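Participant:
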Amino acid sequence: MTLPIVIADIGPMLIPFAALFGVIGAVVGSFIAVVARRWPAGRPIAIARSACDSCGAVLGPLELVPVVSYAVQRGRCRRCGAAIGWREPAIEIGAAVIGAVAALLVPWPAAGAVAALGWTLLLLALLDAEHFWLPAAITWPLTLAGLAATATLRRGDFDDHLIGAGIGWGSLALVAALYRRARGRVGLGGGDAALFAAAGAWLGWAALPLV
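Residues 30 to 240 in my numbering are what the sequence shown spells out, letter by letter.
Next comes the structure, spelled out in structure tokens:
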């Protein structure tokens, strides 16, 4: 069985709750954009301050408000006028949507777990699309988080999810080994198997054929 995904009852607090999750998601999305840009390049993530890519001017707090700053500045640096790419606001909007949808469709506290899962997958999707990289520093903790969420929210299904993690990793690890043996080169990286293990940990073994 999987973590429950149910339509939450429409109540007076649901819309503000979803809006709050959307705002949190936009802030998380801003951080995701920074991580996806700096980490693969070996640049510090939390220490270095954000700056304009064109003129190098350090951005102030009002220039770092997710989505809003981009809209107010009309997609340009306030100092040099250079165009700001759409990447960052798009990531922020995507993360905001993930947070809001999680709050609307999933009851608390599972909504927090589902939102965190969505944000993590967004970061992994960016790293994979832009750098063909699924770092073990994210995929394996994501697997453990899935098992922890199941143990907390759906304790009776823990065995199914633990088996799912094992099957997820083992199946792709086997495919990777067979491909390497047959072709003499790497076809699937370890990150793919680890991500499939995370899918099994979050969804259970029965859902793996649908992933």
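Even glycine gets a Cβ: it sits at the ideal position worked out from N, Cα and C.
Owing to the predicted nature of the structure, the values given are computational and were not obtained by experimental measurement.
Check whether the region 97–107 touches the region 189–202, taking contact to mean three or more Cβ pairs, one atom from each stretch, closer than 8 Å.
Facilitator: No, the region 97–107 is not in contact with the region 189–202.
Participant: Could you say which of 75, 85 and 51 lies nearest to residue 96 if we only look at CA atoms?
Facilitator: Closest option to residue 96, Cα to Cα, is 51.
Participant: Cβ atoms of residue 61 and residue 120: under 8 Å apart, would you say?
Facilitator: Their beta carbons are under 8 Å apart, which means residue 120 touches residue 61 by this criterion.
Participant: Can you tell me whether DSSP reads residue 87 as helix, strand or coil?
Facilitator: Strand at residue 87.
Participant: When DSSP labels each residue in this structure, what does residue 209 get in the three-state scheme?
Facilitator: Residue 209 falls in the helix class under three-state DSSP.
Participant: Please classify residue 206 as buried or exposed, where buried requires at least 16 other C-beta atoms within 10 Å of its C-beta.
Facilitator: It counts as exposed.
Participant: Could you check how far apart the C-beta atoms of residue 223 and residue 179 are, in whole angstroms? I think they sit under 8 Å.
Facilitator: Not a contact, Cβ separation roughly 17 Å.
Participant: I need the boundaries of the alpha helix (DSSP H) containing residue 60, first residue and last residue.
Facilitator: Segment 43–67, the alpha helix (DSSP H) holding residue 60.
Participant: Identify the residues that DSSP records as bridge partners of residue 184: which are they?
Facilitator: Note: residue 184 sits in no beta bridge, so no partner.
Participant: Which residues in the same chain have their Cβ closer than 7 Å to the Cβ of residue 47, if we skip the five residues on either side of it in sequence?
Facilitator: Counting only Cβ-Cβ distances below 7 Å, and skipping sequence neighbours, we find 129, 132 and 133.
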